[in-house]
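Only one structure is covered here, and it is reproduced in the block below.
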Amino acid sequence: RWFRAFWRLTYLSAIAGTGYMCYGIWELRHPDEFQPPPDPSKKTLVVLGTGWGSVSLLKKLDTENYNVVVVSPRNYFLFTPLLPSCTVGTIEHRSIMEPIRNFLRHKKAAVKYYEAEATKIDYERRVVHINDDSDIKGDVSSTEVPFDMLVIGVGAENATFGIPGVREHGLFLKEVGDAQRIRNRIMDCCETATFKDQTPEEIQRLLHMVVVGGGPTGVEFAGELQDFFNSDLKKWIPDIKEKFRVTLVEALPNVLPMFSKQLIEYTEKTFKEETITIRTKTMVKNVTDKYIEAESTGPDGKKQVEKIPYGLLVWATGNALRPLVADFIKQIPAQKDSRRGLAVNEYLVVKGCENVWAVGDCAVANYAPTAQVASQEGAWLARMFNQMAKTQEIESELKELSVKQEKAPGKEARDAVFAEIKELQKRLRRVKQIGPFEYTHNGSLAYIGSEKAVADISWLSGNIASGGTLTYLFWKSAYINMCFSTRNRILVCIDWAKSSIFGRDVSRV
Ligand code: FAD
Ligand code: NAI
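Mapping of the sequence shown onto UniProt numbering: residues 72 to 580, in sequence order.
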């Protein structure tokens with residue numbers, strides 16, 4: 072009887088779960104017909120960017136309180152943690168993109184979106200200059216957007232440290248286009264290496280895949296690439312089997328410096344087993360179209376410069392300032408010492424400014440430039456803006472009540488209004504109690520190839536370090552959970568299933 076009851080319960084919960092999911096999908100596809108239009112009596116809040124920081128702010132923001140305007144050249148949100156998987160086709164890029172239009176149509180009040188790049192913030196005049204950088208341009212392709220409040224969430228650029236040749240010959244890994252370029256370049260190198268009468272030296276060069284930067288981006292990409300070779304490439308193009316090599320070049324003595332020592336060792340050991348070569352204490356100084364020049368330090372401390380030929384070069388050496396941010400820093404005297412981004416206070420206000428906030432990789436608040444930090448900052452800022460709006464609402468109600476109290480006929484009526492005022496004042500005190508932003512570190516996760524991952528997880532004020540296949544399953548479930556929408560979750564699961572059943576696609580487009 073118990074067994075039958077258990078199955079009945081499971082059956083019912085499965086039906087309820089499916090029904091709930093179907094309703095969620097239906098709701099996603101059917102936004103409300105009416106969204107209140109902008110209200111000129113409200114303040115204009117301009118949000119720059121559609122990345123982790125800005126979207127997490129927009130998700131939690133009550134858009135009825137402000138006239139919200141979003142400016143970004145990218146009309147979608149990108150779930151960056153799974154971007155390395157797109158470079159080899161384990162996941163298709165559209166599965167980790169969420170159109171910003173769909174998302175904004177579900178907000179309570181209408182939000183204006185302009186697909187444009189902010190080219191300059193004029194703080195004096197309180198306007199942002201924007202420019203339509205897309206292929207199709209109308210009669211107007213640059214204009215100004217005035218703001219009362221501004222949130223800067225434009226992220227960061229790829230750092231090259233001015234090393235010659237990087238921009239011309241290297242590929243980066245930050246955006247969808249980068250992942251597509253890498254995927255095509257890998258296949259191009261493989262096909263060109265098997266071209267008729269290709270010389271052995273050229274084959275060796277073309278099949279040498281070099282990744283510069285041993286941070287999580289470089290490590291995850293190297294792991295994905297070696298997986299691609301082991302499970303698919305060598306099967307479909309056996310000619311390249313003996314010559315395909317992946318090398319990871321890192322200037323510091325070890326890779327993944329933000330992980331604990333045991334996980335660094337585990338990663339290095341796993342890479343060795345996967346036959347990925349790690350070249351630590353090797354700093355790239357120059358890049359040409361066919362080789363990189365790197366200075367390495369030997370065990371005796373002696374330095375030597377060598378030329379390393381490559382077919383594919385992926386450059387992942389961290390973040391640099393966007394020109395918009397660099398220009399804004401120059402306008403604000405209090406920012407004169409800012410080098411890595413906009414200096415913000417504990418309320419994320421850009422130092423030296425009023426009503427300007429910064430979130431994510433473009434802000435410097437003593438945290439690492441990660442999605443985790445950016446999304447917590449965005450969510451905190453949304454809560455603060457919601458509270459600010461409530462505060463203003465209560466304050467104007469209080470003003471009205473005190474006028475009403477003065478005009479109230481008789482003591483009884485005055486006492487009744489006084490009680491209302493007391494109640495509102497209590498509410499106001501509660502609403503005003505918003506503390507400064509505090510980051511909660513949940514841990515670091517990285518995929519290292521061969522269905523293994525490493526994780527440094529914060530747990531009960533301690534830290535758990537783990538690596539291996541179980542951690543990989545944890546990595547998968549954590550990222551599925553963190554995906555932006557149910558649609559993304561389903562698409563990513565389908566992609567994983569597709570690539571494990573049929574293998575990854577080796578065609579070049
Ligand atoms: P972004 O997410 O980069 O968004 C910036 C937005 O601003 C974009 O929409 C962009 O189009 C827009 N923009 C740019 N210029 C302008 C302009 N001039 N005007 C208007 N808009 C503009 N972090 C983790 O915590 N965990 C991970 O697993 C992880 N994996 C990663 C994997 C990869 C491959 C990469 C590249 C990064 C990864 N990160 C990870 C880091 C994380 O993606 C960043 O820290 C995060 O994206 C920062 O969020 P952001 O909102 O500041 O910037
Ligand atoms: P990073 O800044 O973490 O690492 C870059 C590495 O490149 C450094 O170790 C540096 O020593 C090395 N380097 C710099 N110049 C070099 C040169 N000329 N030659 C050789 N090596 C050189 O950069 P990354 O990996 O792009 O990450 C950027 C940010 O995004 C980081 O904050 C990171 O934590 C976050 N991120 C997090 C991920 C995760 O949690 N799984 C995944 C990807 C990124």
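Each residue gets a CB set at the ideal place from its N, CA and C atoms; glycine is no exception.
No experiment lies behind these values; they were computed from the predicted model shown.
Under 7 Å Cβ to Cβ from residue i, same chain only, skipping five residues before and after it: list those, please.
{"i": "Asn559", "result": "Phe150, Ser166, Ile167 and Glu169"}
{"i": "Ala181", "result": "Gln106, Pro107, Pro108 and Pro109"}
{"i": "Arg575", "result": "Val159, Gly160, Thr161, Phe299 and Asp303"}
Nearest-angstrom Cα distance between residue i and residue j?
{"i": "Val142", "j": "Phe105", "result": "22 Å"}
{"i": "Ile565", "j": "Arg145", "result": "25 Å"}
{"i": "Val385", "j": "Trp428", "result": "33 Å"}
{"i": "Ile223", "j": "Met459", "result": "18 Å"}
{"i": "Gln463", "j": "Tyr137", "result": "12 Å"}
{"i": "Trp451", "j": "Asp219", "result": "19 Å"}
{"i": "Asp371", "j": "Ile308", "result": "41 Å"}
{"i": "Arg485", "j": "Ile465", "result": "19 Å"}
{"i": "Arg197", "j": "Trp530", "result": "44 Å"}
{"i": "Gln297", "j": "Ile519", "result": "10 Å"}
{"i": "Asp210", "j": "Ser125", "result": "29 Å"}
{"i": "Gly95", "j": "Gly382", "result": "46 Å"}
{"i": "Ile319", "j": "Gln269", "result": "Reading the sequence as shown, one finds Leu at residue 319 and not Ile. The alpha-carbon atoms of Leu319 and Gln269 are separated by roughly 26 Å."}
{"i": "Lys547", "j": "Glu448", "result": "24 Å"}
{"i": "Asp360", "j": "Pro235", "result": "11 Å"}
{"i": "Leu83", "j": "Ala187", "result": "49 Å"}
{"i": "Leu472", "j": "Glu491", "result": "8 Å"}
{"i": "Arg410", "j": "Met329", "result": "21 Å"}
Can you tell me where the alpha helix (DSSP H) with residue i in it begins and where it stops?
{"i": "residue 601", "result": "A question about residue 601 goes unanswered here, because the residues of the chain that appear run from 72 up to 580."}
{"i": "Gly539", "result": "Unbroken run through Gly539 is the beta strand (DSSP E), Gly533 to Gly539; no alpha helix (DSSP H)."}
{"i": "Gly124", "result": "Trp123 to Lys131"}
{"i": "Val502", "result": "Gly481 to Lys503"}
{"i": "Leu319", "result": "Careful: Leu319 lies outside any alpha helix (DSSP H), inside the beta strand (DSSP E) at Arg316 to Val320."}
{"i": "Asn255", "result": "Val247 to Ala264"}
{"i": "Asp527", "result": "First-last for Asp527: Lys523 to Trp530, but that is the beta strand (DSSP E), not the alpha helix (DSSP H)."}
{"i": "Tyr337", "result": "Lys332 to Glu344"}
{"i": "Arg172", "result": "Ile171 to Leu175"}
{"i": "His240", "result": "Val237 to His240"}
{"i": "Val290", "result": "Pro287 to Phe299"}
{"i": "Leu277", "result": "Pro271 to Leu277"}
{"i": "Ile519", "result": "No alpha helix (DSSP H) contains Ile519, which is instead part of the beta strand (DSSP E) from Gly514 to Gly520."}
Quick one: residues in its chain with C-beta nearer than 6 Å to the C-beta of residue i, no 5 flanking neighbours on either side, listed in chain order?
{"i": "Asp133", "result": "Asn457"}
{"i": "Gln402", "result": "Tyr194"}
{"i": "His200", "result": "Thr190, Lys191 and Glu215"}
{"i": "Met354", "result": "Ala322 and Glu366"}
{"i": "Pro152", "result": "Tyr550"}
{"i": "Gly412", "result": "Cys433, Ala434 and Val435"}
Would you give the residue range spanned by the beta strand (DSSP E) that residue i belongs to?
{"i": "Lys356", "result": "Thr353 to Val358"}
{"i": "Ile162", "result": "First-last for Ile162: undefined, no H or E at that position."}
{"i": "Ala429", "result": "Val427 to Ala429"}
{"i": "Val117", "result": "Thr115 to Leu119"}
{"i": "Ile347", "result": "Ile347 to Arg350"}
{"i": "Phe148", "result": "Tyr147 to Leu149"}
{"i": "Val421", "result": "Here Val421 belongs to no beta strand (DSSP E), and DSSP marks it neither H nor E."}
{"i": "Leu323", "result": "First-last for Leu323: undefined, no H or E at that position."}
Among all the DSSP beta bridges, which residues are the ones paired with residue i?
{"i": "Gln443", "result": "Gln443 pairs with nothing; no bridge assigned."}
{"i": "Ile572", "result": "Per DSSP, none; premise fails for Ile572."}
{"i": "Pro217", "result": "Val198"}
{"i": "Gln375", "result": "Ser367"}
{"i": "Phe77", "result": "Bridge partners of Phe77: none, in fact."}
{"i": "Arg72", "result": "Paired residues: none, contrary to the question."}
{"i": "Leu413", "result": "Ala434"}
{"i": "Lys183", "result": "Val140"}
{"i": "Glu228", "result": "Ala391"}
Can you list, in chain order, the residues of its chain whose CB lies under 8 Å from that of residue i, leaving out five sequence neighbours each side?
{"i": "Leu323", "result": "Gly285, Thr351 and Lys352"}
{"i": "Ala230", "result": "Thr388, Gly389, Asn390 and Ala391"}
{"i": "Lys114", "result": "Tyr137, Asn138, Asp219 and Met220"}
{"i": "Lys569", "result": "none"}
{"i": "Arg316", "result": "Leu278, His279, Met280, Thr346 and Thr348"}
{"i": "Lys312", "result": "Lys305"}
{"i": "Leu327", "result": "Gly285, Gly286, Pro287, Val290, Leu334, Ile335, Thr338, Ala517 and Val525"}
Notebook entry, point to check: Are three or more beta carbon pairs between the stretch 241-260 and the stretch 393-412 nearer than 8 Å?
Noted result: no
Notebook entry, point to check: When the Cβ atoms of the stretch 121-128 are set against those of the stretch 537-552, are three or more pairs found closer than 8 Å?
Noted result: no
Note to self: Does the contact criterion of 3 or more C-beta pairs under 8 Å hold for the stretch 406-424 versus the stretch 282-296?
What the structure shows: no
Item checked: Three-pair Cβ contact test at 8 Å for the stretch 403-413 versus the stretch 76-95 -> no
Next item on the list: Report yes or no: do three or more beta-carbon pairs, one from the stretch 472-480 and one from the stretch 430-445, lie closer than 8 Å?
Entry: no
Notebook entry, point to check: Contact between the stretch 510-528 and the stretch 338-346: three or more CB pairs below 8 Å?
Noted result: yes
Notebook entry, point to check: Three or more beta-carbon pairs under 8 Å between the stretch 502-513 and the stretch 438-447, yes or no?
Noted result: yes
Notebook entry, point to check: Below 8 Å, can you find three or more Cβ-Cβ pairs linking the stretch 571-579 to the stretch 545-559?
Noted result: no
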